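Chains as they are written, first to last, in numbering that gives the first Met the number 0: chain A, 0 to 235; chain B, 0 to 235.
2 protein chains.
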Amino acid sequence: MGNSAGLSAPGAGREPRSEKAEETRERILDAAEKLFARHGFYGVTVRQITRDAGVDVALAHYYFGTKMGLFDAVFFRRAEILNRERIASLNRYEGNPGAGGPSVEGVIEAFVGPMLDIWAAGGNGWSNYFALLAQVNNTPDWGGETMARYFDPVIHRLLDVLRTVLPGATEEDLLWCYQFLSGAMLLAFAQTGRIEKLSDGRMKSSDVAAVRARMPRYIAAGFRAICVGNSPPLYP
Amino acid sequence: MGNSAGLSAPGAGREPRSEKAEETRERILDAAEKLFARHGFYGVTVRQITRDAGVDVALAHYYFGTKMGLFDAVFFRRAEILNRERIASLNRYEGNPGAGGPSVEGVIEAFVGPMLDIWAAGGNGWSNYFALLAQVNNTPDWGGETMARYFDPVIHRLLDVLRTVLPGATEEDLLWCYQFLSGAMLLAFAQTGRIEKLSDGRMKSSDVAAVRARMPRYIAAGFRAICVGNSPPLYP
DNA sequence: GTCTATAGCTTGATAGAC
DNA sequence: GTCTATCAAGCTATAGAC
Numbered sequence: 000m001g002n003s004a005g006l007s008a009p010g011a012g013r014e015p016r017s018e019k020a021e022e023t024r025e026r027i028l029d030a031a032e033k034l035f036a037r038h039g040f041y042g043v044t045v046r047q048i049t050r051d052a053g054v055d056v057a058l059a060h061y062y063f064g065t066k067m068g069l070f071d072a073v074f075f076r077r078a079e080i081l082n083r084e085r086i087a088s089l090n091r092y093e094g095n096p097g098a099g100g101p102s103v104e105g106v107i108e109a110f111v112g113p114m115l116d117i118w119a120a121g122g123n124g125w126s127n128y129f130a131l132l133a134q135v136n137n138t139p140d141w142g143g144e145t146m147a148r149y150f151d152p153v154i155h156r157l158l159d160v161l162r163t164v165l166p167g168a169t170e171e172d173l174l175w176c177y178q179f180l181s182g183a184m185l186l187a188f189a190q191t192g193r194i195e196k197l198s199d200g201r202m203k204s205s206d207v208a209a210v211r212a213r214m215p216r217y218i219a220a221g222f223r224a225i226c227v228g229n230s231p232p233l234y235p
Numbered sequence: 000m001g002n003s004a005g006l007s008a009p010g011a012g013r014e015p016r017s018e019k020a021e022e023t024r025e026r027i028l029d030a031a032e033k034l035f036a037r038h039g040f041y042g043v044t045v046r047q048i049t050r051d052a053g054v055d056v057a058l059a060h061y062y063f064g065t066k067m068g069l070f071d072a073v074f075f076r077r078a079e080i081l082n083r084e085r086i087a088s089l090n091r092y093e094g095n096p097g098a099g100g101p102s103v104e105g106v107i108e109a110f111v112g113p114m115l116d117i118w119a120a121g122g123n124g125w126s127n128y129f130a131l132l133a134q135v136n137n138t139p140d141w142g143g144e145t146m147a148r149y150f151d152p153v154i155h156r157l158l159d160v161l162r163t164v165l166p167g168a169t170e171e172d173l174l175w176c177y178q179f180l181s182g183a184m185l186l187a188f189a190q191t192g193r194i195e196k197l198s199d200g201r202m203k204s205s206d207v208a209a210v211r212a213r214m215p216r217y218i219a220a221g222f223r224a225i226c227v228g229n230s231p232p233l234y235p
């Protein structure tokens with residue numbers, strides 16, 4: 000699914016757009032982001048999107064060609080930002096790992112931190128986008144491929160840094176652990192309302208602080224349990 | 000989404016069905032399971048399902064009323080089995096935790112084991128079903144609610160057993176850790192093809208043994224890191 | 001850039017013959 | 001139980017006026 004290649008912007012390099020046009024484009028993207036995140040690609044019609052955006056149906060096709068083109072544009076818009084932030088964070092961490100030197104926790108925090116910061120900074124757009132990522136990540140057949148197309152460079156960068164703090168880890172161990180990380184992280188970001196149900200309304204899916212306090216340590220412990228020595232696990 | 004209440008079978012208590020009719024019903028369910036898993040509820044038409052099943056369109060409505068009724072029936076069919084197996088496994092473990100006495104690893108294995116066994120035993124039906132679960136689990140708004148309706152009793156049972164091996168854990172810690180477990184586990188079961196892409200084809204999403212060797216220990220380590228003491232984590 | 005109008009299909013669902 | 005036939009509604013996408 001999707002056909003914009005790699006990390007080059009779909010529709011990039013166009014002549015300068017008028018301010019009004021740019022705003023219209025963004026309104027369509029925002030509405031599409033929200034609705035795709037909630038109901039998936041097929042659960043939404045172009046008409047619903049443009050109605051939500053307050054613009055004419057035909058404009059969606061004018062700006063994005065097809066419904067799929069619109070989906071790709073939504074997916075791409077924030078992927079670019081996300082990738083930049085996470086690469087920068089990993090680079091910063093490698094350059095200066097802090098007091099006790101590099102650690103698994105540190106690397107995971109450097110990777111997850113930017114997303115937590117963005118989430119904490121608020122904005123419905125990002126919340127919707129995270130929910131969309133979780134859905135695509137868990138879509139069989141083309142989900143893995145789509146995630147790979149947009150995010151694999153960052154993930155390979157993460158794996159490189161992880162290898163420096165987990166020198167004995169096998170490739171299999173590292174990749175499976177990343178898969179677990181990916182599932183745990185994106186479900187937490189998706190805000191599905193499950194935690195509300197389980198806790199009888201006492202806890203909130205939107206509690207960023209709660210996730211920040213637990214997720215990096217949870218994930219780092221998992222990596223160490225698998226990638227350091229073997230059963231029984233050793234904790235250096 | 001969905002409206003069959005609790006764990007009572009939708010359409011249960013009907014008069015005895017003929018064998019041929021029962022087979023037709025199952026064929027529709029199998030096709031629907033496969034296609035819903037691959038493309039989501041809205042990504043599939045009733046016509047595609049019945050075509051795949053080799054039966055007439057009208058029969059889907061005859062047996063299941065609406066498209067949503069069909070979806071509910073698909074979701075319910077295996078949920079019942081899954082719940083029974085997991086409850087039985089947790090009971091067995093509580094009755095006989097094995098040599099070293101009860102442990103976090105043991106509880107997690109008792110919970111995840113039945114799903115790994117079912118997966119290992121093969122059958123496309125179950126693979127499709129797991130993929131469907133992963134999708135619903137990651138669906139915002141109604142995903143959490145739907146999962147809760149079908150699976151919360153088992154999860155509360157799991158949490159009860161976990162409390163006995165993690166006596167000091169707070170409710171918040173336990174529930175967030177479960178949320179991470181849920182995301183990691185279902186993504187691994189969804190076979191999205193991501194691991195193939197990341198490993199350049201050297202690893203397979205369908206490698207049950209690889210998941211069995213790692214996931215329980217990964218998850219147990221995460222629980223211990225969060226639910227035992229506080230930073231820095233202590234490993235008993 | 002924006003809108004109207006519409007082409008050309010497909011959809012979920014049902015009525016009724018067999 | 002199964003199939004044919006069909007309906008009303010909604011869909012993506014486009015052509016062309018402004």
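Glycine included, C-beta positions come from ideal geometry on N, C-alpha and C.
None of these values were measured; they are calculated from a predicted model.
Next item on the list: Could you check what DSSP says for residue 204 of chain A in three-state terms: helix, strand or coil?
Entry: Reduced to three states, the DSSP call for residue 204 of chain A is coil.
Check: Beta carbon of residue 42 of chain A, beta carbon of residue 149 of chain B: below 7 Å?
Finding: Here residue 42 of chain A is not near residue 149 of chain B, since their CB atoms are 7 Å or more apart.
Item checked: Distance between residue 99 of chain A and residue 71 of chain B (C-alpha atoms, nearest Å) -> The straight-line gap separating the alpha-carbon atoms of residue 71 of chain B and residue 99 of chain A is approximately 53 Å.
Notebook entry, point to check: Which residue from B:188, B:52, B:116, B:20 puts its Cα closest to that of residue 34 of chain B?
Noted result: Taking each of B:188, B:52, B:116, B:20 in turn and checking the Cα distance to residue 34 of chain B, the smallest one comes out for B:52.
Note to self: My assumption, with CB atoms under 8 Å, is that residue 189 of chain A sits in contact with residue 101 of chain B. Please give the rounded CB distance.
What the structure shows: Taking a contact as a CB-CB distance under 8 Å, the pair residue 189 of chain A and residue 101 of chain B does not count as one, their CB atoms being some 32 Å apart.
Notebook entry, point to check: Can you list the residues of chain B that residue 29 of chain A reaches, using a CB-CB cut of under 9 Å?
Noted result: In chain order: nothing, as chain B lies at least about 16 Å away.
Next item on the list: Check each residue of the stretch 57-77 of chain A: if its Cβ is closer than 9 Å to any Cβ of chain B, include it; give the result in chain order.
Entry: For the stretch 57-77 of chain A, the set of positions with a beta-carbon nearer than 9 Å to some beta-carbon of chain B is empty.
Next item on the list: Let me know if residue 104 of chain B comes out buried or exposed under the rule of 16 or more other beta-carbons within 10 Å of its beta-carbon.
Entry: By the 10 Å Cβ count, residue 104 of chain B comes out buried.
Next item on the list: Using a Cβ-Cβ cut-off of 7 Å, state whether residue 130 of chain B counts as contacting chain A.
Entry: Closer than 7 Å to some Cβ of chain A, the Cβ of residue 130 of chain B qualifies, so yes.
Next item on the list: Report the three-state DSSP secondary structure of residue 94 of chain A (helix, strand or coil).
Entry: Here residue 94 of chain A sits in helix by DSSP.
Check: Run through DSSP, which three-state label would residue 101 of chain A get?
Finding: Residue state, collapsed to three classes: coil.
Margin query: For the alpha helix (DSSP H) containing residue 188 of chain A, name the first residue and the last one.
Written below: From DSSP, the alpha helix (DSSP H) with residue 188 of chain A extends over 170-189.
Checklist line | CB contact check: residue 139 of chain A to chain B, cutoff 7 Å | finding: Yes, because at least one Cβ of chain B sits closer than 7 Å to the Cβ of residue 139 of chain A.
Next item on the list: Select from A:219, A:181, A:156 the residue whose C-alpha is nearest the C-alpha of residue 146 of chain A.
Entry: Among A:219, A:181, A:156, the Cα nearest to that of residue 146 of chain A belongs to A:181.
Margin query: Under 9 Å, CB to CB, which of the residues in the stretch 183-197 of chain B have a partner in chain A?
Written below: Listed in sequence order: 183, 184, 185, 186, 187, 189, 190, 191, 192, 193, 194, 195, 196, 197.
Check: Leaving out the 5 sequence neighbours to the left and right, which residues in its chain are closer than 7 Å to residue 135 of chain B when beta-carbon positions are compared?
Finding: If you ignore the 5 residues before and after residue 135 of chain B, its C-beta comes within less than 7 Å of the C-beta of 142, 145, 146, all in its own chain and listed in chain order.
Next item on the list: Could you round the C-beta distance between residue 26 of chain B and residue 56 of chain B to whole angstroms and report it? I think they count as a contact, below 8 Å.
Entry: Not a contact, Cβ separation roughly 13 Å.
Next item on the list: Locate the alpha helix (DSSP H) running through residue 124 of chain B, then write down its first and last residues.
Entry: Segment 123-136, the alpha helix (DSSP H) holding residue 124 of chain B.
Notebook entry, point to check: In the structure shown, what three-state DSSP assignment does residue 113 of chain B receive?
Noted result: Correct three-state label for residue 113 of chain B: helix.
Item checked: Buried versus exposed, by CB contacts within 10 Å (16 or more), residue 38 of chain B -> Buried, because 16 or more other Cβ atoms sit within 10 Å of the Cβ of residue 38 of chain B.
Margin query: Counting only beta-carbon separations shorter than 7 Å, does residue 133 of chain A have a partner in chain B?
Written below: Chain B, which has a Cβ nearer than 7 Å to the Cβ of residue 133 of chain A, makes this yes.
Item checked: Three-state secondary structure assigned by DSSP to residue 234 of chain A -> Confidence is the limiting factor: at residue 234 of chain A the pLDDT is only 42, short of 50, which leaves the residue's position unreliable and the question unanswerable from this model.
Next item on the list: For residue 82 of chain A, I'd like the list of residues in its chain whose CB is within less than 6 Å of its CB, leaving aside the five on either flank, ordered along the chain.
Entry: So the qualifying residues of the chain are 153.
Next item on the list: Taking C-beta pairs closer than 7 Å, name the residues in chain B that residue 142 of chain A reaches, listed in chain order.
Entry: Result: 191.
Note to self: With distance defined between alpha-carbon atoms, name the residue in A:88, A:206, A:222, A:210 nearest to residue 164 of chain A.
What the structure shows: The candidate whose alpha carbon is nearest that of residue 164 of chain A is A:222.
Next item on the list: Would you kindly report the start and end of the unbroken alpha helix (DSSP H) that includes residue 151 of chain A?
Entry: Residue 151 of chain A -> alpha helix (DSSP H) spans 142-164.
Checklist line | Against chain A: residues of the stretch 102-116 of chain B by CB proximity under 8 Å | finding: When CB distances to chain A are screened at a threshold of 8 Å, not a single residue of the stretch 102-116 of chain B falls below it.
Notebook entry, point to check: Among residues of its own chain, excluding the 5 on either side of residue 96 of chain B, which ones have a beta-carbon nearer than 8 Å to its beta-carbon?
Noted result: Answer for residue 96 of chain B: 102, 105, listed in chain order.
Check: Under the rule that 16 or more other beta-carbon atoms within 10 Å means buried, what is residue 119 of chain B, buried or exposed?
Finding: Residue burial annotation: residue 119 of chain B is exposed, with fewer than 16 other C-beta atoms found within 10 angstroms of its C-beta.
Item checked: Residues that residue 217 of chain B contacts on chain A, provided the C-beta gap is smaller than 7 Å -> Those are 176, 179, 221, 224, 225, listed as they occur along chain A.
Next item on the list: Check whether the Cβ atoms of residue 133 of chain A and residue 73 of chain A lie closer than 7 Å to each other.
Entry: With a cutoff of 7 Å on beta-carbon distance, residue 133 of chain A and residue 73 of chain A are scored as not near each other.
Notebook entry, point to check: Where residue 92 of chain A and residue 59 of chain B are concerned, what is the direct C-alpha to C-alpha distance, given to the nearest angstrom?
Noted result: Computed Cα separation, rounded: 57 Å.
Check: Using the beta-carbon of each residue, which ones in chain B are nearer than 7 Å to residue 171 of chain A?
Finding: Per Cβ cutoff of 7 Å: 202, 209.
Notebook entry, point to check: With 7 Å set as the bound, which would you pick, yes or no: does the beta-carbon of residue 98 of chain B sit closer than that to a beta-carbon of chain A?
Noted result: At a cut-off of 7 Å between C-beta atoms, residue 98 of chain B does not count as an interface residue with respect to chain A.
Item checked: Distance CB(residue 176 of chain A)-CB(residue 107 of chain A) smaller than 7 Å -> No. Outside cutoff.
Next item on the list: Determine the direct distance from the alpha carbon of residue 209 of chain B to that of residue 236 of chain A, and round the result to whole angstroms.
Entry: Any property of residue 236 of chain A remains undetermined from this structure, which presents chain A solely from 0 to 235.
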